[in-house]
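S.K.: Each residue of the sequence shown is one higher than the last, beginning at 1 in the numbering used here.
Think of the CB as a built atom: it goes at the ideal place given N, C-alpha and C, for glycine as much as any other residue.
Only a predicted model underlies this, so the values are computations on that prediction, with no experimental measurement involved.
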Amino acid sequence: MRVAGAISKLKIQQLFLALIILTLGVMTLLLISSRHDDGTERESVTPLHERIGKFNGLNIFFIETSGRSCLTARQACGVESAARANPHASVTLYMEKTPIANLSRNKSDKDGVNCAITKFLLRRIENVRILRQSLLDHLEGTPLWEFYRSGLLNKSTTPLVHRSDAIRVALLWKNGGIYLDLDCIVMRSLDSLNNTVGTVRDFIPNWIENGVMAFSAGHPFLHFLMKSMILAFRPDNYLSLGPSAVTEAILDFCDRDDLPPSTLLFCSRNSSLFIQPPDAFYAIGSGRADVFYQLKTDLADWNKVKHSFLSHIYDSGSGRPVPPTSLYAQLARDYCPFTYRTSEINGSF
């Protein structure tokens with residue numbers, strides 16, 4: 001009996017030990033499954049509204065209207081650079097959740113890398129958030145809403161461009177902040193910018209780009225601009241809701257015949273606008289876009305951009321190769337290091 005009892009007690013001890021080993025094994029598997037495929041630990045994503053106390057109230061935002069699930073590496077570079085140069089600002093990327101019907105859906109080998117970079121922006125850079133929405137809904141409550149509801153905007157031959165032009169103005173009017181094109185590389189803090197746009201030094205005089213716009217919420221110029229855009233819209237002219245509309249609207253709203261840079265304009269309804277000089281955002285204009293992609297960087301061009309708030313990289317969406325010694329690569333290496341390093345390794349920048 002004593003022997004049988006001892007055997008029974010031993011079996012219980014063995015069973016208990018087996019349960020402990022099994023529990024430890026499950027815990028180990030759970031720990032392993034909580035890691036990414038690349039071996040890095042999964043970090044919790046704190047919602048932006050819970051972290052807002054860390055921010056200085058500056059709102060920087062971008063828009064991606066194609067409906068793709070991920071940014072390209074060059075687009076991600078713009079978001080990363082803005083967040084790094086403005087660590088106390090909230091940086092929001094508005095992404096269209098519904099793909100445009102006639103947009104190419106072909107996948108490429110770069111998609112995996114691009115999606116990994118996009119996820120990094122959300123998970124690891126604390127002041128970035130990504131909102132997937134029906135972006136045209138932001139036109140509701142603005143003069144552009146009936147214009148959209150009428151179906152006129154759907155006649156556009158360049159819907160990505162025209163939608164972005166309309167949505168950015170609506171978001172600025174409603175929320176205020178700084179709108180940036182995704183092909184901008186930000187190099188400095190932008191918290192000094194307000195109620196301002198930038199001119200260019202290209203061949204067109206008094207030309208205002210709309211790739212960078214900073215305004216307080218409810219600024220009367222933006223309401224005037226939205227009304228002007230409806231009249232200016234040409235479905236087959238991709239600039240009709242963009243730079244040309246903004247330029248003409250400023251001339252009318254501020255009763256000007258010219259738009260000299262570095263000038264504070266006093267305009268209708270007791271409002272004002274500041275016209276930034278070309279070197280603020282567009283030190284190298286569209287007429288010299290090749291400069292960004294040349295094998296060797298000209299020191300004079302580097303000196304033009306190094307004191308800018310940011311550099312608008314023309315032709316970045318064209319797929320042109322970016323040599324490692326080019327001006328574009330040098331800017332990316334300095335101001336969006338994670339995106340550039342990750343994409344360069346995989347040959348996808």
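1) Please report the distance separating the alpha-carbon of A245 from that of G151.
2) Whole angstroms is fine: what's the gap from R68's alpha carbon to M95's?
3) Quick one: measure Cβ to Cβ for I185 and G78, integer angstroms, because I've assumed they're closer than 8 Å.
4) For the alpha helix (DSSP H) holding T354, just list the boundary residues, first then last.
5) Since F349 and V322 are thought to touch, with beta carbons under 8 Å apart, how far apart are those beta carbons, to the nearest angstrom?
6) Of all the options A73, N86, C70 and Q75, which has the alpha carbon lying nearest to the alpha carbon of I60?
7) For L182, collect the residues of the same chain with a Cβ closer than 7 Å to its Cβ; drop the 5 residues on either side in sequence, then sort them by chain order.
8) Taking the alpha carbon of R124 as the reference point, which residue from T98, S318, T339 and N195 has its own alpha carbon closest?
9) I need the DSSP call for I345, collapsed to helix, strand or coil.
10) Using only alpha-carbon positions, find the residue among A249, G218 and L222 that is nearest to A232.
11) What do you get for N114, buried or exposed, if any count of 16 or more other CB atoms within 10 angstroms of its CB means buried?
12) In this structure, does DSSP put H138 in helix, strand or coil?
13) Classify I345: buried if its beta carbon has 16 or more other beta carbons within 10 angstroms, exposed otherwise.
14) DSSP three-state label for V200, please.
15) Should A214 and T196 be called a contact, given that it needs their Cβ atoms to be closer than 8 Å?
16) Is any beta-carbon of chain B found at less than 8 Å from that of Y314?
17) Which ranges does the beta strand (DSSP E) cover as unbroken runs of at least 3 residues, wholly within the stretch 272-334, from first to last along the chain?
18) Are three or more beta carbon pairs between the stretch 283-294 and the stretch 161-174 nearer than 8 Å?
19) By the three-class DSSP mapping on this structure, what secondary structure does I178 have?
20) In the DSSP assignment, the alpha helix (DSSP H) including M229 goes from what residue to what residue?
21) Starting from the Cα of R168, find the closest Cα among L136, S192, L264 and T157 and give me that residue.
22) Where does S326 land, buried or exposed, given buried means 16+ other C-beta within 10 angstroms?
23) Between which two residues does the beta strand (DSSP E) carrying G211 extend?
24) According to DSSP, is S66 helix, strand or coil?
25) P261 and E209 look like a contact to me (Cβ under 8 Å); what is the Cβ gap, rounded to whole Å?
26) Sort out for me which residues DSSP pairs Q133 with in a bridge.
27) Name the residue from A217, I275 and S189 whose alpha carbon lies nearest to the alpha carbon of A83.
28) Hey, quick one: how far does the alpha helix (DSSP H) through T118 stretch, first residue to last?
29) What residue does the beta strand (DSSP E) around L264 start on, and which one ends it?
30) So does the stretch 219-232 actually touch the stretch 258-274, counting three or more Cβ pairs closer than 8 Å?
31) When DSSP builds the beta bridges, which residues end up paired with V128?
32) DSSP three-state call for N154: helix, strand or coil?
33) Which residues does DSSP list as the beta-bridge partners of V186?
34) Drop a sphere of 10 angstroms on the beta-carbon of H307, count the other beta-carbons inside from all chains shown, and report buried for 16 or more, exposed for fewer.
35) Tell me, to the nearest whole angstrom, how far the beta carbon of D202 is from that of G317; I am working on the premise that it is less than 8 Å.
M.R.: Looking at the atomic coordinates:
1) CA-to-CA, the gap between A245 and G151 works out to about 20 Å.
2) So the alpha carbons of these two residues sit roughly 8 Å apart.
3) With a Cβ gap of about 6 Å, I185 and G78 count as contacting.
4) Here the chain has residues from 1 to 349 only, and residue 354 is not among them.
5) Indeed, because the Cβ distance is near 6 Å, the residues count as touching under 8 Å.
6) Per the Cα distances, N86.
7) Here the set comprises F62, E64, Q75 and G78.
8) When only C-alpha atoms are compared, the closest one is T339.
9) Reduced to three states, the DSSP call for I345 is helix.
10) With distances taken between Cα atoms, A232 lies closest to A249.
11) Within a 10 Å sphere around the beta-carbon of N114 sit 16 or more other beta-carbons, which makes this residue buried.
12) H138 falls in the helix class under three-state DSSP.
13) Exposed.
14) Coil at V200, not helix or strand.
15) The Cβ-Cβ distance between A214 and T196 falls below 8 Å.
16) Chain labels in this structure do not include chain B; a single protein chain is all it has.
17) Counting only runs of 3 or more, we get 310-312.
18) Contact fails: fewer than three Cβ-Cβ distances are below 8 Å.
19) In this structure, I178 counts as strand in the three-state DSSP scheme.
20) Residues P220 to A232.
21) In terms of Cα proximity to R168, the closest of L136, S192, L264 and T157 is L136.
22) So S326 counts as buried.
23) From DSSP, the beta strand (DSSP E) with G211 extends over I208 to F215.
24) Collapsing the DSSP output to three states places S66 in coil.
25) Between E209 and P261 the Cβ distance is about 12 Å, and since that is not below 8 Å, they are no contact.
26) In the DSSP output, where bridge partners are listed per residue, Q133 has E96.
27) The candidate whose alpha carbon is nearest that of A83 is S189.
28) Element bounds for T118: D111 to R124.
29) Counting along the chain, the beta strand (DSSP E) containing L264 begins and ends at T263 to C267.
30) The stretch 219-232, when compared against the stretch 258-274, does touch it at the 8 Å Cβ threshold.
31) Residue pairing from DSSP places V128 in a beta bridge opposite V91.
32) In the structure shown, N154 falls within a helical segment according to DSSP collapsed to helix, strand and coil.
33) Paired residue(s): L310.
34) Taking all protein chains shown into account, H307 has fewer than 16 neighbouring C-beta atoms within 10 Å of its C-beta and is therefore exposed.
35) Incorrect: roughly 19 Å between the Cβ atoms, too far for contact.
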